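Student:
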Amino acid sequence: MFTAERFLPRPNRWVEGGGLLVVNGRVVRVLESASEVKRVARESGASLRDFGSRLLIPGTVCAHAHLELSILADQLESGTEMLPWIRDVIRRRADATRTERERAAVAGAHSLLSSGTTLVGDIDSCGGAALPPSTTGIRRLSFREVLDGGDPKRRAETLASIDLPLEESAGRLEGISPHAPHTVSAELLEHVARLSERRKLPVQIHWSETPEETEWLKSGTGPFSKLLAQSPMTSGLDLLDRAGLLRRSLSLVHGNCPDDGEPSRLAEHGVALVHCPGSHLFFERAPFPLELYRKAGVTLALGTDSLASNLALDMRREMRLLRESEPGLAPEEVWQMATLGGAAALGRSGEFGELSPGAFADFALVELEESQRDSALDRLTMSSPPVEEVWVGGSPVSGESATEIPPGA
Ligand SMILES: [Zn+2]
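Under the working numbering, the first residue of the sequence shown carries the number 2, and numbering increases by one thereafter.
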């Protein structure tokens, strides 16, 4: 059992002097008062851990990252055009050894964990660059990235690598990520749709990140025509729809330049959208059309993306950047995106991003003096408060104090 003077079990819930009853790593009860904590401790015989004046919050959910690209930290320049950036990423990633990539990925996972993130949706493009969870303590939902660039030979190899018998793929294929509608053929998208339905796998896809990719998809013109073969002459969302991918198990990443009506289509099909404020800033993109998605009722989540296009793997900074770019947005909504929204985007609502009965006891303790929910949410989403401890499944995994990122970074 855990108790603290203040808890924020969900964005809209503030508990003073209460506690959490945890059994087998999951929250069984949220206790509302000190007297209830005492009574339940007495009746259940459970040991009680008191966190005192530190604020207890659920671990945040980073809904999109590429931990393996942590190898590129501080190597690429902000404001670069997309095509030269992609070439640079591919070249530098190929130069690194597997050990170097794994080491960098572990460091990236530690950075997320020590800043209060307990679950990350991580794109694995190399296959088997998987981090053993025990090396970091963070929970990682790994999306195996696939792309064929319209090349049938590459498609056949990709299919062979993902369509394994169930027993062989156990623990290796938790989700699939066709890279993006402009880099994956319709045939491969359809295959992923069938496989994900059969195996109940979540799917994550980069979508509508740049005006150039949407131009090439719809008309075959623009800078991408030099790099990509034959345009499908239709929108990325139509391609995903035709493949049968527009459903609740899908999350899309970026969505910077949606066409009219596309946010409503996402909402209709229960597709979540992951916004990556730090990556958005890195590429100096036009303002993110957050209001279109909010009005349409799309489930929104936040991600760090990778250190190839971001300065830090720290969800506190992502929240702050979002608030700076959207001054009218309520702190509660930002916190919701970083917790419940992330869990929903990864298809794990009710299990992560909140401390409610049935959810995993994944939480962080932060040094924060605020005694009201509103002011605490304001600080949590704006001022990167120090994270003192992180617990996953009811056990401590990190006692290091995470370094605060200076404002403006
Ligand atoms: Zn990405």
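Where a beta carbon is used, it is the ideal one built from N, C-alpha and C, also for glycine. Keep in mind it's a predicted model, so treat the numbers as computed, not measured.
1. Alpha carbon to alpha carbon, how far is Ala-302 from Pro-386? Give it in angstroms, no decimals.
2. Exposed or buried, Glu-214, counting other C-beta atoms within 10 Å across all chains shown (16 or more means buried)?
3. Can you name the residues that DSSP bridges to Arg-14?
4. Along the alpha helix (DSSP H) that carries Asp-89, what are the first and last residues, could you check?
5. Just curious, the beta strand (DSSP E) that Glu-210 is in, first and last residue?
6. Measure from the alpha carbon of Arg-99 to the alpha carbon of each residue in Pro-397, Glu-69, Val-24, then state which is nearest.
7. What are the residues that DSSP puts in a beta bridge with Ser-396?
8. Between Thr-61, His-65, Ser-178, Ile-163, which has its C-alpha nearest Pro-12's C-alpha?
9. So does Val-254 have its beta carbon nearer than 8 Å to some heavy atom of ligand 1?
10. Starting from the C-beta of His-183, find all residues in its chain whose C-beta is less than 8 Å away, skip the five residues before and the five after it, and write them out in chain order.
11. Who are the Cβ neighbours of Ser-310 in its own chain at under 6 Å, not counting the five residues just before and after it?
12. Do you know how far the Cα of Leu-32 is from the Cα of Gln-205?
13. Less than 9 Å between CB atoms is the rule here; does Ser-178 satisfy it with respect to chain D?
14. Could you give the DSSP three-state label for His-411: helix, strand or coil?
15. Report buried or exposed for Val-24, applying the criterion of at least 16 other Cβ atoms within 10 angstroms of its Cβ.
16. Whole angstroms is fine: what's the gap from Val-391's alpha carbon to Ser-126's?
17. In this structure, how does DSSP classify Ile-72 when only helix, strand and coil are distinguished?
18. Would Ala-187 and Leu-240 qualify as a contact pair, given that the criterion is a beta-carbon distance under 9 Å?
19. At a cut-off of 8 Å, is His-65 close to ligand 1 when judged by its beta-carbon and the heavy atoms of the ligand?
20. When you compare the CB positions of Gly-117 and Val-367, do they come within less than 9 Å of one another, or not?
21. Would you mind listing the beta strand (DSSP E) stretches within the stretch 215-297 that are 3+ residues and don't spill past its ends, in chain order?
22. Per DSSP, what kind of secondary structure is Pro-332 in: helix, strand or coil?
23. Taking only the alpha-carbon atoms, compute the straight-line gap between Pro-264 and Arg-318 and give it to the nearest angstrom.
24. I need the straight-line Cα distance from Arg-155 to Ser-197, nearest angstrom please.
25. With a CB to CB cut of under 8 Å and the five nearest residues on each side skipped, what residues in its chain are close to Trp-208?
26. Give the DSSP-derived three-state secondary structure of Gly-342 in the structure shown.
27. Is Leu-445 near Leu-9, with beta carbons less than 9 Å apart?
28. Measure the C-alpha to C-alpha separation of Ala-130 and Leu-120 and round it to an integer number of angstroms.
29. Which residue marks the beginning of the beta strand (DSSP E) containing His-192, and which one marks its end?
30. Measuring only from the beta carbon, is His-276 closer than 8 Å to any heavy atom that is part of ligand 1?
31. Please determine, among Glu-175, Ile-139, Arg-140, Val-193, the residue with the shortest C-alpha to C-alpha distance to Ala-161.
32. Taking 8 Å as the threshold, find out whether the stretch 284-302 comes into contact with the stretch 344-357 through three or more Cβ pairs.
33. Tell me whether Ile-124 counts as near ligand 1, meaning its Cβ is closer than 8 Å to at least one heavy atom of that ligand.
34. Look up Arg-140 in the DSSP assignment and say whether it is helix, strand or coil.
35. Compute the Euclidean distance between the alpha carbons of Gly-245 and Ser-34, then round it to the nearest angstrom.
36. To the nearest angstrom, how far is it from the Cα of Ser-115 to the Cα of Ser-399?
Tutor: With the structure as the only source:
1. Rounded to whole angstroms, the gap between the alpha carbons of Pro-386 and Ala-302 is 20 Å.
2. Of the other Cβ atoms in all chains shown, 16 or more fall within 10 Å of the Cβ of Glu-214; this residue is therefore buried.
3. Answer is Arg-11, bridged to Arg-14.
4. Per DSSP, Asp-89 belongs to the alpha helix (DSSP H) from 83-96.
5. From DSSP, Glu-210 is part of no beta strand (DSSP E); its letter is neither H nor E.
6. Of the candidates Pro-397, Glu-69, Val-24, the one whose C-alpha sits nearest the C-alpha of Arg-99 is Glu-69.
7. Residue pairing by DSSP places Ser-396 opposite Val-393 in a beta bridge.
8. Of the residues Thr-61, His-65, Ser-178, Ile-163, the one whose Cα lies closest to the Cα of Pro-12 is Thr-61.
9. At a threshold of 8 Å, Val-254 counts as near ligand 1, since its beta carbon sits closer than that to one of the ligand's heavy atoms.
10. Taken in chain order, the residues that qualify are Glu-214, Trp-217, Leu-218, Phe-225, Leu-229, Gly-237.
11. Excluding residues within five positions, the ones whose Cβ falls inside 6 Å are Ser-280, Phe-283.
12. Rounded to whole angstroms, Gln-205 and Leu-32 show a C-alpha spacing of 36 Å.
13. Of the chains in the structure shown, none is chain D; there is only one protein chain.
14. Absent from the structure is residue 411, since the part of the chain shown begins at 2 and ends at 410.
15. Counting the other Cβ atoms within 10 Å of the Cβ of Val-24 gives fewer than 16, which makes it exposed.
16. Going by the C-alpha atoms only, they are around 28 Å apart.
17. Here Ile-72 sits in helix by DSSP.
18. With contacts defined as CB atoms closer than 9 Å, Ala-187 and Leu-240 qualify as a contacting pair.
19. Checking every heavy atom of ligand 1 against the Cβ of His-65, one is found closer than 8 Å.
20. Cβ distance < 9 Å, so Gly-117 and Val-367 count as in contact.
21. Fully enclosed beta strand (DSSP E) runs of 3 or longer: 251-255, 273-276.
22. In the three-state reduction of the DSSP assignment, Pro-332 falls in the helix class.
23. Our two residues, Pro-264 and Arg-318, have alpha carbons roughly 26 Å apart in a direct line.
24. Inter-residue distance for Arg-155 and Ser-197 is about 20 Å (C-alpha atoms, whole angstroms).
25. Listed in chain order, the non-local C-beta contacts of Trp-208 below 8 Å within the same chain comprise Ala-181, Pro-182, Gly-237, Leu-238, Leu-241, Leu-253, Val-254, His-255, Gly-256, local neighbours out to five positions each way being set aside.
26. DSSP places Gly-342 within a helical segment (H, G or I) once states are collapsed to three.
27. Nothing can be reported for residue 445, as the shown portion of the chain is limited to 2 through 410.
28. Residue confidence for Ala-130 is low, a pLDDT of 48 falling below 50, so the modelled location carries little weight and cannot support an answer.
29. Counting along the chain, His-192 falls outside any beta strand (DSSP E), though it belongs to the alpha helix (DSSP H) covering 187-200.
30. No, since every heavy atom of ligand 1 falls outside the 8 Å radius drawn around the Cβ of His-276.
31. Answer by Cα proximity: Val-193.
32. When C-beta atoms of the stretch 284-302 are compared with those of the stretch 344-357, three or more pairs fall below 8 Å, so the two segments count as touching.
33. Yes, the beta carbon of Ile-124 sits closer than 8 Å to at least one heavy atom of ligand 1.
34. For Arg-140, the three-state secondary structure derived from DSSP is strand.
35. Approximately 48 Å, taken between the alpha carbons.
36. Distance between the alpha carbons of Ser-115 and Ser-399 is about 6 Å.
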